[in-house]
Amino acid sequence: MFTYQKDTKSLFVAECGKKDFWREIRKSSTAFNIDTRRDILRAVDANDEEAIQKWAEHTDYQKFMLKTLRGLKTKTGKEKWQKKPLDKKLLAWADDLKKSLTAFQFSCYQFDEATVKTKDGKTKKGARRVLKGCHLNGLVMLDIDHVDNPMEVWEKLQKCEALMARVVLVHITSSGRGIRIIFIADKQIGNLADNQISFAAVLGYAPDQSCIDATRNSFAPKEDEILFIDEERLFTYYDEEFDKRFTNDYREKRTQPLYHQFDADGETNTNLTNLTNGCAQEKDSCNSCNSCSEIKWRGYDIQRIIDARYADKLPCAADSNRHTESLKLATDLLLMLDGDKAQVQRIVEAQSWVKEIIDERDENVGQTVESAASCIAEKEKKYASALPSKAMLTAIQESCGKTYQEITKAQTAAVTLKDDDMARWLWEWGAEIEALSEEYPLIKDICKGLKRNQYPAALFVAGGLMMTLMTRCTYRFYHRPEELRRLNNSTLIIGDPASGKSFATRLFKLLASPIVAADKIGKDAINAYREQMRTKGANKEKPKKPKVVVRIHPARTSNAQFIQDMVNAVEDVNGEPMQLHMLTFDTELDNTLSLQKGGSYIDKQALQLKAFHNEEDGQAYSNVDSVFQEFYVIWNFIYTGTPIALKKMVNEQNFGSGLATRLTCIPLPATNFEMMSRESFVDYDSDERLKAWAEKLDRMKGELSVQKIVDELYDWTARRMEDAKENDSKADEMLLKRCAYHGLNFAAPFIVMRHWDKMHQDGNYWCGEFETDEVDWKLAELIVNIQYACQRHYFGAMAENYFDNKLKDASVNVQRRQKTLEGFERLPEVFTTEDVVRCFQLRNTAAAYMRISRLQKDHLIEKDEEFAESGTTKSRYRKTGVMMC
Numbered sequence: 007m008f009t010y011q012k013d014t015k016s017l018f019v020a021e022c023g024k025k026d027f028w029r030e031i032r033k034s035s036t037a038f039n040i041d042t043r044r045d046i047l048r049a050v051d052a053n054d055e056e057a058i059q060k061w062a063e064h065t066d067y068q069k070f071m072l073k074t075l076r077g078l079k080t081k082t083g084k085e086k087w088q089k090k091p092l093d094k095k096l097l098a099w100a101d102d103l104k105k106s107l108t109a110f111q112f113s114c115y116q117f118d119e120a121t122v123k124t125k126d127g128k129t130k131k132g133a134r135r136v137l138k139g140c141h142l143n144g145l146v147m148l149d150i151d152h153v154d155n156p157m158e159v160w161e162k163l164q165k166c167e168a169l170m171a172r173v174v175l176v177h178i179t180s181s182g183r184g185i186r187i188i189f190i191a192d193k194q195i196g197n198l199a200d201n202q203i204s205f206a207a208v209l210g211y212a213p214d215q216s217c218i219d220a221t222r223n224s225f226a227p228k229e230d231e232i233l234f235i236d237e238e239r240l241f242t243y244y245d246e247e248f249d250k251r252f253t254n255d256y257r258e259k260r261t262q263p264l265y266h267q268f269d270a271d272g273e274t275n276t277n278l279t280n281l282t283n284g285c286a287q288e289k290d291s292c293n294s295c296n297s298c299s300e301i302k303w304r305g306y307d308i309q310r311i312i313d314a315r316y317a318d319k320l321p322c323a324a325d326s327n328r329h330t331e332s333l334k335l336a337t338d339l340l341l342m343l344d345g346d347k348a349q350v351q352r353i354v355e356a357q358s359w360v361k362e363i364i365d366e367r368d369e370n371v372g373q374t375v376e377s378a379a380s381c382i383a384e385k386e387k388k389y390a391s392a393l394p395s396k397a398m399l400t401a402i403q404e405s406c407g408k409t410y411q412e413i414t415k416a417q418t419a420a421v422t423l424k425d426d427d428m429a430r431w432l433w434e435w436g437a438e439i440e441a442l443s444e445e446y447p448l449i450k451d452i453c454k455g456l457k458r459n460q461y462p463a464a465l466f467v468a469g470g471l472m473m474t475l476m477t478r479c480t481y482r483f484y485h486r487p488e489e490l491r492r493l494n495n496s497t498l499i500i501g502d503p504a505s506g507k508s509f510a511t512r513l514f515k516l517l518a519s520p521i522v523a524a525d526k527i528g529k530d531a532i533n534a535y536r537e538q539m540r541t542k543g544a545n546k547e548k549p550k551k552p553k554v555v556v557r558i559h560p561a562r563t564s565n566a567q568f569i570q571d572m573v574n575a576v577e578d579v580n581g582e583p584m585q586l587h588m589l590t591f592d593t594e595l596d597n598t599l600s601l602q603k604g605g606s607y608i609d610k611q612a613l614q615l616k617a618f619h620n621e622e623d624g625q626a627y628s629n630v631d632s633v634f635q636e637f638y639v640i641w642n643f644i645y646t647g648t649p650i651a652l653k654k655m656v657n658e659q660n661f662g663s664g665l666a667t668r669l670t671c672i673p674l675p676a677t678n679f680e681m682m683s684r685e686s687f688v689d690y691d692s693d694e695r696l697k698a699w700a701e702k703l704d705r706m707k708g709e710l711s712v713q714k715i716v717d718e719l720y721d722w723t724a725r726r727m728e729d730a731k732e733n734d735s736k737a738d739e740m741l742l743k744r745c746a747y748h749g750l751n752f753a754a755p756f757i758v759m760r761h762w763d764k765m766h767q768d769g770n771y772w773c774g775e776f777e778t779d780e781v782d783w784k785l786a787e788l789i790v791n792i793q794y795a796c797q798r799h800y801f802g803a804m805a806e807n808y809f810d811n812k813l814k815d816a817s818v819n820v821q822r823r824q825k826t827l828e829g830f831e832r833l834p835e836v837f838t839t840e841d842v843v844r845c846f847q848l849r850n851t852a853a854a855y856m857r858i859s860r861l862q863k864d865h866l867i868e869k870d871e872e873f874a875e876s877g878t879t880k881s882r883y884r885k886t887g888v889m890m891c
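First residue of the sequence shown: 7, per our numbering; consecutive thereafter.
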C-alpha cells in the first residue's frame with residue numbers, strides 16, 4: 007500500500023492501486039517526458055547543436071516557454087528569462103518534464119487530511135503530502151544516483167539472495183543515471199535511514215541522504231525500465247509494528263538514522279561485516295555530488311561556517327522561517343562565492359532544513375537563489391559593494407578565527423593600491439597638461455584656480471563643451487573613412503561630494519554661452535506660443551506652433567520634447583542640411599538617473615548608447631505631438647557625480663550594453679584635508695578669453711584636416727592591442743577599441759585653436775586647412791592615454807568578470823564531448839545498433855537510433871546493408887572516413 011500524485015503540482019495524494027500504478031506507467035506522456043528529458047540532457051552535455059535546435063523547435067517546448075512567461079509577473083523577471091541562453095531554457099524544460107511525471111510515495115500508505123487555500127481564495131480538503139501527516143507502511147526507498155551504469159548495481163543486487171528476498175521493485179530512474187530499489191524494512195535494523203544505510207553498504211554504495219524523508223517522491227519510470235517487480239507485496243504490504251514504532255518519530259521530523267550514521271564526508275558507519283570489495287571507493291564516487299564539504303571559501307570549509315551560523319537553532323517549521331532563512335543564506339553565499347549561482351544552490355540544497363521544504367512542498371531552491379541575486383543587484387545599484395549579513399560575519403569570525411575583513415584584506419589592499427596609482431597618475435597628467443599650456447594657452451584659463459591633479463577633469467569638461475560648439479565640423483576616421491564623423495562625447499566627472507566639481511559649472515556658463523544665447527530666441531518663441539494657447543478661447547483659431555532650435559536640455563526633459571528639438575535642430579552647412587548637437591549638462595548624476603526612472607523622462611539610456619556614434623533611431627507613437635520619423639541621435643552630455651551614481655549607471659548587470667566604452671569617466675581626486683587656494687583677485691580677462699574663443703568655435707564648419715592624428719591613433723591602438731594579445735585579455739581589447747575616438751574628439755578644439763591663423767571666414771563661418779605636428783599628437787596621445795587608464799580603472803574588473811561569466815555560461819564541457827569522440831573511435835568500421843549501444847554506453851536501442859540518425863546527417867556513417875535476425879530486420883552501418891570533430 008502506497009500513495010501517488012498525478013504530478014508534483016497536484017495539491018493532494020491518493021492511494022495507489024495496481025491499476026493506478028500501471029495506468030500511470032503506461033501513459034504515453036511518461037515515456038515521452040523521460041526520453042525527451044534524457045535527450046535534452048545528453049544534447050546539452052555534448053553541446054550537440056543539431057539536437058538542441060531540434061528540441062528548441064518542438065511544439066511542447068514552445069508551449070513551455072509561453073507558460074513560463076505567463077507565470078512571470080514582473081517585467082524584470084521576463085527579461086531575465088528571455089536573456090537566458092537556449093541550453094539553460096532547455097534544461098529548465100527538462101526539469102519541468104520530470105516534475106510533470108506521476109510521483110509515487112512508496113514509504114507511506116496514507117496521509118492525514120488537510121485544508122489548503124487555493125490561489126482564488128477558496129479552500130480544499132484532501133490528503134496532503136507533508137511529513138507531519140504521514141503513515142509509514144514498512145517499505146523503504148533507496149536511490150543510488152550518479153552511476154555510469156545502473157545495470158551494474160542491479161547485477162550486484164541479484165547475486166545477494168538475502169537482499170533480493172526483501173525487494174519488491176527495482177527500476178532505472180528518470181534521469182537514466184541511477185537505480186531505485188523499493189524493499190521491505192527490517193525494524194531490527196532501525197528506521198528508514200538505518201535500513202537504507204545497511205542495504206546500500208552491502209551493495210558497496212552510499213545511499214542518497216536526501217531520501218531519508220518518508221514523503222520523498224519517486225517519479226514514474228518507463229515500463230521497459232522496470233527491472234523487477236513483486237506485485238503482490240508492492241501493492242498490499244503493510245507492517246503495523248513498523249508503523250507504530252516509527253511513524254510518530256517521522257511526524258515529529260526525527261528522520262535521522264538511529265543506529266547508523268552518515269559521516270561528515272558522506273560515508274556511513276555501520277557494524278556490518280559483509281561489505282563488498284571496493285565499497286569505500288564506490289561510496290566516494292556516489293556521494294561526491296551530495297556533499298558540499300569540498301567547497302571552500304578562501305581556503306575555509308564553507309559548511310563549517312554555515313554550521314556556526316545556525317549553531318544556536320536551525321530554522322524549522324514551527325518558526326515558519328525556513329524559506330526566509332534559505333533566502334538569507336543564499337544571499338550571503340552569493341556575496342562570498344563571487345555570485346556562483348550553481349555552487350550556491352548546491353550548498354543551500356544540502357542543508358537539512360532546506361531538504362525538508364523541498365520534500366514537503368517541492369521548494370524551488372533555484373528560484374530562491376535567483377531572488378537572492380536580484381536583491382544583491384538592487385543593493386549594488388545603491389552601494390558600490392555589499393557585505394554578508396551580521397550573523398554570517400559573526401559565524402565567519404567564530405569558525406575561521408579571523409574577521410571577514412582580515413580574510414579579504416589581500417583583495418582590499420589590491421584595490422587600495424589601484425586607487426593610489428590613479429592618484430599618482432592624476433598628478434603626472436596634470437603636470438603634462440600644465441606643460442602643454444604653453445602651446446595651448448587657453449588651458450591656463452580652463453584650469454584657473456584648480457590644483458594640478460584636477461587639471462585632467464577640467465581639460466575633458468572644456469573639451470566636451472568646445473567640441474559641441476564645433477558641431478558643424480567633421481573628420482574621417484581609420485574605420486570606414488568614407489563616412490564623415492562628428493565630434494561626440496559622453497563625459498562623466500566622478501568625485502566624492504564636495505570634492506570641487508563646481509569648476510564644471512563655471513566652464514559650462516562661459517563656454518556654452520553662444521548656445522545659451524541662441525536657445526533664448528527659440529525658448530521665447532515657444533513660451534509665447536504656449537501663452538497664446540492658454541489665452542485663446544475654445545472656438546478661436548489656434549496659433550501654429552513655431553519650429554525653433556533649442557539645443558541645451560536639462561535632465562528634466564521629456565523624450566517627446568527632446569526628440570522634437572533634436573529633429574528641429576538642422577542648419578544648412580555648405581549646401582547640405584546638418585543636424586546640430588543637443589547638449590545636456592548636470593552637476594548631479596544621481597539626480598539625472600532618478601529623473602530617468604519614471605514618467606516621460608524614462609529610457610534615456612537607449613539614446614545615450616546611440617549618441618556616441620550618432621546611430622539611427624526612430625519613434626512612431628499615436629499621439630499627435632510626437633515626431634513620427636527616423637532620426638540620428640546627435641547628443642553630447644556632460645555630468646558630474648559620485649562613484650555611487652556611476653555604479654547605478656554602469657554595473658555588472660548592464661555592462662554588456664557597451665555604454666562603458668562610450669563614456670569618458672575622469673576621476674576628481676579627494677582633497678585629503680587640504681584647503682583650496684584663497685582667491686582675492688577677480689580675473690575677468692580669463693572669463694572673457696573663454697567666451698571669445700567659444701564665439702569663434704561656435705562659428706567653425708567643415709572637415710578637419712587631422713589625418714596625421716588619425717594615423718598616429720591607429721598605430722597607438724595597434725601597439726596597445728598587441729599588449730592585450732600578449733596578456734590574453736579580452737577585457738583590455740574591449741576597453742581599448744573606442745579610445746581613439748575620445749583621443750581625437752577632445753583634442754580637436756585645442757588643435758583648431760592652435761592653428762587658428764590658418765582659418766579664414768566663409769560668410770558667417772570659419773573654416774580652413776591646417777597641418778598637425780608633434781605637439782598636436784602629444785596632446786592627443788595624452789588624452790587617449792588618460793581615457794584608456796580611466797577605462798581600466800573604473801571598468802577593468804567589470805570587463806574581466808563579463809568575459810569570465812560569458813565563458814562560464816557558454817563553455818563546452820570538453821571532457822563530455824571527448825566521450826562522444828571516444829565512443830565513435832571505439833566503433834568498428836562496420837557495426838550494428840548493438841555496437842552503438844555498447845561503444846557509446848547508451849541506455850537502450852532507442853537512444854542508439856537517435857545517435858545513428860545524427861551520425862548519418864553529419865555524413866560520418868552510412869547504411870551498409872540490411873539483414874534478418876530472429877525474424878527481425880536489422881541494419882549494418884559503415885564509417886565514411888570523415889573525421890569527427
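For glycine and all other residues, C-beta sits at the position ideal for the given N, C-alpha and C. Given the structure is predicted, the values throughout are model-derived calculations rather than measurements.
Run of the beta strand (DSSP E) containing Gln460, from where it starts to where it stops: Numbered from 1 along the sequence shown, position 454 holds the residue referred to as residue 460. For Gln460, there is no enclosing beta strand (DSSP E), as DSSP marks it with neither H nor E.
Span separating the alpha-carbon of Lys885 from that of Phe18: Here residue 885 corresponds to residue number 879 of the sequence shown, with the count starting at 1. Here residue 18 corresponds to residue number 12 of the sequence shown, with the count starting at 1. Rounded to whole angstroms, the separation of the alpha carbons of Phe18 and Lys885 is 54 Å.
Range covered by the alpha helix (DSSP H) that runs through Pro755: By one-based count along the sequence shown, residue 755 stands at place 749. Cys745 to Arg760 is the span of the alpha helix (DSSP H), which, as asked, contains Pro755.
Within the region 341-394, ranges of the alpha helix (DSSP H) (whole runs, at least 4 residues): Counting only runs of at least 4 residues, the region 341-394 fully encloses the following alpha helix (DSSP H) elements, listed from N- to C-terminal order: 347-355, 358-367 and 371-388.
Beta-carbon gap between Ser113 and Met147 smaller than 7 Å: Position 107 of the sequence shown, counted from the first residue, corresponds to residue 113. Position 141 of the sequence shown, counted from the first residue, corresponds to residue 147. Cβ atoms of Ser113 and Met147: closer than 7 Å.
CB-CB length for Leu665 against Leu615, believed under 8 Å: Counting from one through the sequence shown, the residue named residue 665 turns up at place 659. Counting from one through the sequence shown, the residue named residue 615 turns up at place 609. Right, the Cβ-Cβ distance comes to about 6 Å (below 8 Å), so this counts as a contact.
Beta-carbon proximity list for Asp704, same chain, < 6 Å, skipping 5 on both sides: Sequence index remark: in the sequence shown, residue 704 carries index 698 (1-based). By the criterion of a C-beta distance shorter than 6 Å, Asp704 is surrounded in its chain by Leu475 and Pro520, once the five residues flanking it on both sides are discounted.
Residue burial classification, Val375 (beta-carbon count within 10 angstroms, cutoff 16): Against the sequence shown, residue 375 aligns to sequence position 369. It counts as buried.
Where the beta strand (DSSP E) containing Gly647 begins and where it ends: Mapped onto the sequence shown, residue 647 falls at position 641. Unbroken beta strand (DSSP E) run through Gly647: Trp641 to Gly647.
One or two residues paired with Lys60 in a DSSP bridge: Walking along the sequence shown from the start, residue 60 turns up at place 54. Paired residues: none, contrary to the question.
Collapsed DSSP secondary structure at Tyr883 in the structure displayed: Taking the sequence shown and counting its residues from 1, the one referred to as residue 883 is at position 877. Reduced to three states, the DSSP call for Tyr883 is strand.
Opposing strand residues paired with Cys22 [DSSP bridges]: In the sequence shown, the residue the question calls residue 22 occupies position 16. DSSP output for Cys22 lists Phe8 as bridge partner(s).
Distance, Lys138 Cα to Arg257 Cα: Walking along the sequence shown from the start, residue 257 turns up at place 251. Walking along the sequence shown from the start, residue 138 turns up at place 132. Taking the straight line from one Cα to the other gives about 4 Å.
Identified DSSP bridge partners for Ala120: Position 114 of the sequence shown, counted from the first residue, corresponds to residue 120. In DSSP, Ala120 forms a bridge with Gly132.
Runs of beta strand (DSSP E) lying entirely within the region 183-215, each at least 3 residues, in chain order: Fully enclosed beta strand (DSSP E) runs of 3 or longer: 185-190.
Complete runs of the beta strand (DSSP E) confined to the region 306-342 [at least 3 residues]: The DSSP assignment places no complete beta strand (DSSP E) segment of no fewer than 3 residues inside the region 306-342.
Whole-angstrom distance between Thr337 and Gly345, CA atom to CA atom: As a first step, residue 345 must be located in the sequence shown, where it is residue number 339. As a first step, residue 337 must be located in the sequence shown, where it is residue number 331. Each residue's Cα considered, the two are about 9 Å apart.
Beta carbon of Leu209 nearer than 7 Å to that of Lys162: Stepping through the sequence shown from its first residue, residue 209 is reached at position 203. Stepping through the sequence shown from its first residue, residue 162 is reached at position 156. Yes, Cβ-Cβ distance for Leu209 and Lys162 is below 7 Å.
Asn275 in three-state terms, based on DSSP: Counting from one through the sequence shown, the residue named residue 275 turns up at place 269. Residue placement at Asn275 is poorly supported in this model, since its pLDDT is 41, which falls under 50; the coordinates still yield a value, given next. If DSSP states are grouped into helix, strand and coil, Asn275 belongs with the strands.
Three or more C-beta pairs below 8 Å linking the region 501-514 and the region 523-530: No, the region 501-514 is not in contact with the region 523-530.
Where Asn520 falls: helix, strand or coil (DSSP): Sequence index remark: in the sequence shown, residue 520 carries index 514 (1-based). It should be noted that the sequence gives Pro, not Asn, for residue 520. Helix.
Classification of Leu741 by the beta-carbon crowding that lies within 10 angstroms, buried from 16 upward: Position 735 of the sequence shown holds residue 741. A residue is called buried when at least 16 other Cβ atoms come within 10 angstroms of its Cβ; Leu741 meets this threshold and is buried.
Per-residue DSSP class, three states only, for Glu258: One-based indexing of the sequence shown puts residue 258 at position 252. Under the three-state reduction of DSSP, Glu258 is assigned to coil, being neither helix nor strand.
Cβ pair Gly708, Cys796 closer than 7 Å: Locating residue 708 in the sequence shown gives position 702, counting from the first residue. Locating residue 796 in the sequence shown gives position 790, counting from the first residue. Not in contact: Gly708 and Cys796 (Cβ atoms no closer than 7 Å).
For Phe873, the nearest candidate out of Asn629, Thr838, Lys702 and Ala441 (CA to CA): Against the sequence shown, residue 873 aligns to sequence position 867. Among Asn629, Thr838, Lys702 and Ala441, the Cα nearest to that of Phe873 belongs to Thr838.
Per DSSP, cross-strand counterpart(s) of Ala109: Here residue 109 corresponds to residue number 103 of the sequence shown, with the count starting at 1. Under the DSSP definition of a beta bridge, Ala109 partners with Gln11 and Phe225.
Start and end residues, beta strand (DSSP E) containing Ile235: Within the sequence shown, residue 235 is the residue found at index 229, counting from 1. DSSP places Ile235 inside the beta strand (DSSP E), whose first and last residues are Ile232 to Ile235.
Classification of Ala464 by the beta-carbon crowding that lies within 10 angstroms, buried from 16 upward: Within the sequence shown, residue 464 is the residue found at index 458, counting from 1. When all chains shown are included, Ala464 counts as buried.
Strand pairing of Glu872, partner residues [DSSP]: Locating residue 872 in the sequence shown gives position 866, where the first residue counts as 1. In the DSSP assignment, Glu872 forms a beta bridge with Ser881.
Check whether Ala37 and Thr826 have beta carbons under 7 Å apart: In the sequence shown, counting from the first residue as 1, residue 37 sits at position 31. In the sequence shown, counting from the first residue as 1, residue 826 sits at position 820. In this structure, Ala37 keeps its C-beta atom at 7 Å or more from the C-beta atom of Thr826.
Whether Asp365 touches Arg222 by CB criterion (7 Å): Start at 1 with the first residue of the sequence shown, and residue 365 comes out as number 359. Start at 1 with the first residue of the sequence shown, and residue 222 comes out as number 216. Yes, these two residues count as a Cβ contact at 7 Å.
Sequence ranges, beta strand (DSSP E) only - wholly within the region 32-81, length at least 3: DSSP runs (the beta strand (DSSP E)) wholly in the region 32-81: none.
Collapsed DSSP secondary structure at Asn708 in the structure displayed: Counting from 1 along the sequence shown, the entry for residue 708 is found at position 702. A small correction: the amino acid at residue 708 is Gly; Asn does not occupy that position in the sequence shown. Note: Gly708 maps to strand in three-state DSSP.
Exposure of Gly305, with buried meaning 16 or more beta-carbon neighbours within 10 Å: Position 299 of the sequence shown holds residue 305. Result: exposed.
For Ser692, three-class secondary structure by DSSP: As a first step, residue 692 is located in the sequence shown; it is residue number 686 there, counting from the start. Looking at Ser692 - three-state DSSP - the assignment turns out to be helix.
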